[in-house]
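Participant: Using full-length UniProt numbering, the first residue of the sequence shown is number 1, and each one after it goes up by one. Starting off with a structure, shown below.
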Amino acid sequence: MMLIKYCKHIFPEEIEMEEYTLKLKYNISLSEHIKRILLNQIQAVYGAKKVKHLKVIYTSAAKPIVKQTQELSVESYIETALVGLDDIWRKVREYLIYSCGKMVDIAWFSKLELTTKDQINNKIFLKPKTAFIGSRITADYFFHLKKAFENFNYSYELIKV
Numbered sequence: 001m002m003l004i005k006y007c008k009h010i011f012p013e014e015i016e017m018e019e020y021t022l023k024l025k026y027n028i029s030l031s032e033h034i035k036r037i038l039l040n041q042i043q044a045v046y047g048a049k050k051v052k053h054l055k056v057i058y059t060s061a062a063k064p065i066v067k068q069t070q071e072l073s074v075e076s077y078i079e080t081a082l083v084g085l086d087d088i089w090r091k092v093r094e095y096l097i098y099s100c101g102k103m104v105d106i107a108w109f110s111k112l113e114l115t116t117k118d119q120i121n122n123k124i125f126l127k128p129k130t131a132f133i134g135s136r137i138t139a140d141y142f143f144h145l146k147k148a149f150e151n152f153n154y155s156y157e158l159i160k161v
């Protein structure tokens, strides 16, 4: 009997909450998706009927920081990333950026280094930074590279690392 009284004192049956307030200690911003997940977890503890809304309060030291990401256009990326490259390799990279995308160029094609250029046979020798990058480019982007070089009457060869 004493235990039941004690439990009722700690967990009263009627908790009147319309809005649950969450006070953040650290400087983080929460997306709407995360706020929904938190609200669902709070409703699982207190009940969906008792908690309808979640209010997030930032302490004075913890103001939310929202990242301002500025996406570079393809043209501005080409201007900045391809500075100082050989004329043919630059044209091929531009073609690959437009055909495969900027992110593929950043991840894979930017890791290729022009080692030699055979102007007699119109052939360019490229060296990947690692053997893995070379095998991945050969496996996934062989035909893209081949077509890009053929558009400029050149061929290429990847040098083994």
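Cβ coordinates follow ideal geometry from the N, Cα and C atoms, glycine included.
First and last residue of the beta strand (DSSP E) that includes PHE125?
Facilitator: 123–128
Participant: Span of the alpha helix (DSSP H) holding VAL74?
Facilitator: 74–81
Participant: Residues in the same chain with beta-carbon distance under 8 Å from VAL74, minus the five sequence neighbours each way, listed in chain order, please.
Facilitator: ILE97, TYR98, LYS102
Participant: Going by CA-CA distance only, name the one from ALA107, LYS117, PHE152, THR115 that's closest to ASP140.
Facilitator: ALA107
Participant: Which residues does DSSP list as the beta-bridge partners of HIS33?
Facilitator: In the DSSP output, where bridge partners are listed per residue, HIS33 has none listed.
Participant: Hey, TYR156 and LEU126: beta-carbon distance below 8 Å or not?
Facilitator: yes
Participant: With a threshold of 7 Å on Cβ separation, who are the neighbours of LEU30 within its own chain once the five nearest residues in sequence on each side are excluded?
Facilitator: VAL56
Participant: How would you write the range of the alpha helix (DSSP H) that LEU96 sits in, first residue to last?
Facilitator: 87–100
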